[in-house]
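Following: one structure in structure tokens, then a few remarks.
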Amino acid sequence: VQIPKRKFKENLSNGLKLLKKDSNIQRLVVARFLSNAILLAGPFYVILANQQLGISKAMAATYLSFEMVGYLGLNFLWAWLSNHVSNKRLLKISTICAFIPPIIGFVSLNINPGYFIFGLAFFFNGAALSGTSMGYTNYLLEIAPEKSRPISVGLVHTLIAPTVFLSSIGGLILEIFNFWILFFTTFIGLLISYLYIKQLEEPKR
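The opening residue of the sequence shown carries number 11 in the working numbering; numbering runs sequentially from there.
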């Protein structure tokens, strides 16, 4: 189904007007954009495991199972927080989970934490991805007026779309600099995201 150009331009214009006058949605967009800093280092923990920690490629590949367990295993907790506590609290906790992988990465540059401890980087990476995805979507649906909800959701997704390239940027950082700079950049992005989350309004239920 083709969307008429006038309709698209109208929706874009309405979305930008909404963004301009709603400071809470502005903070949400910035927090959501920066939360994807987790994607900077995401693909490179396997390389660190293989090159720095001496874990074989076959064993390093099993870390994807850790990530899948984290992604799916904590969904019940995220859903409970979203339904019974608050989506803002969900965002705060899942973003704290996102801090753990780069911290483990930092530690691993100096000492070998072992196979299972390093696996926690993947577990919490998966947990953070599922938690933030659920939290941001549900928070936006909660705060957006019913009339402008489709426009709000579309606008936020459009504005964060460029973050799909963050893994490539992470690879560039690693190639030009090193793992330390990559993890530091990831951590700072997540920290700023967390500070913006703290400023989000708590919707009344």
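For every residue, glycine included, the Cβ atom is placed at its ideal position computed from N, Cα and C. Please read these numbers as outputs of a predicted model, since none were measured by experiment.
At least three beta-carbon pairs within less than 8 Å, the region 92 to 104 to the region 118 to 130: no
CB contact flag (residue 136, residue 77, <7 Å): For the purposes of this step, residue 136 is taken as residue 126 along the sequence shown, with counting starting at 1. For the purposes of this step, residue 77 is taken as residue 67 along the sequence shown, with counting starting at 1. Cβ distance < 7 Å, so residue 136 and residue 77 count as in contact.
Residue 74 classed as buried or exposed, judged by whether at least 16 other C-beta atoms fall within 10 angstroms: In the sequence shown, residue 74 corresponds to position 64, counting from 1. The residue in question, residue 74, is exposed, as its Cβ has fewer than 16 Cβ neighbours within 10 Å.
Given residue 81 as reference, the closest of 52, 113, 202 and 139 once Cα atoms are compared: If you number the sequence shown from 1, residue 81 lands on position 71. Taking only the C-alpha atoms, the option nearest residue 81 is 139.
For residue 38, the nearest candidate out of 159, 149, 190 and 179 (CA to CA): For the purposes of this step, residue 38 is identified with residue 28 of the sequence shown, where counting begins at 1. The residue with the shortest Cα to Cα distance from residue 38 is 149.
CA-to-CA distance, residue 21 to residue 161, given in whole angstroms: Position 151 of the sequence shown, counted from the start, is the residue given in the question as residue 161. Position 11 of the sequence shown, counted from the start, is the residue given in the question as residue 21. Spanning the two alpha carbons is a distance of roughly 6 Å.
Cβ-Cβ distance between residue 111 and residue 131 below 7 Å: Your numbering for residue 111 matches position 101 in the sequence shown. Your numbering for residue 131 matches position 121 in the sequence shown. Cβ distance < 7 Å, so residue 111 and residue 131 count as in contact.
Every unbroken beta strand (DSSP E) within the region 103 to 148, with a cutoff of 3 residues, ordered by chain: none
Sequence-distant residues of its chain with Cβ nearer than 7 Å to residue 173 (five each side left out): What you label residue 173 is simply residue 163 of the sequence shown in a count that begins at 1. Contacts found: 43, 46 and 49.
Minimum C-alpha distance to residue 207 - residue among 177, 118, 142 and 181: Position 197 of the sequence shown, counted from the first residue, corresponds to residue 207. The shortest Cα separation from residue 207 among 177, 118, 142 and 181 belongs to 142.
Whole runs of the alpha helix (DSSP H) within the region 50 to 102, excluding any shorter than 4 residues: 55 to 61, 67 to 71, 73 to 83 and 85 to 90
Top-ranked residue by Cα proximity to residue 170, from 33, 41, 27 and 67: One-based indexing of the sequence shown puts residue 170 at position 160. Selected option, being the one with the closest Cα: 41.
DSSP-derived helix/strand/coil call for residue 214: By 1-based counting over the sequence shown, the position of residue 214 is 204. Three-state DSSP puts residue 214 in coil, outside helix and strand.
Where residue 182 falls, given that 16 or more other Cβ within 10 Å makes a residue buried: Your numbering for residue 182 matches position 172 in the sequence shown. Note on residue 182: under 16 other CB atoms within 10 angstroms of its CB, so exposed under the neighbour-count rule.
The alpha helix (DSSP H) enclosing residue 43, as first and last residue numbers: The residue labelled residue 43 in the question sits at position 33 within the sequence shown. It spans 33 to 45 - the alpha helix (DSSP H) in which residue 43 sits, taken as one unbroken run.
DSSP-derived helix/strand/coil call for residue 154: Reading the sequence shown from its first residue, position 144 is the one you call residue 154. Three-state result, residue 154: coil.
Contact the region 103 to 120 vs the region 181 to 195: 3+ CB pairs below 8 Å: yes
Through-space distance from residue 100 to residue 145, alpha-carbon basis: For this step, residue 145 is matched to residue 135 along the sequence shown. For this step, residue 100 is matched to residue 90 along the sequence shown. It is roughly 6 Å from the alpha-carbon of residue 145 to the alpha-carbon of residue 100.
Collapsed DSSP secondary structure at residue 24 in the structure displayed: Translated into the one-based positions of the sequence shown, residue 24 becomes position 14. The answer is helix: DSSP assigns residue 24 an H, G or I state.
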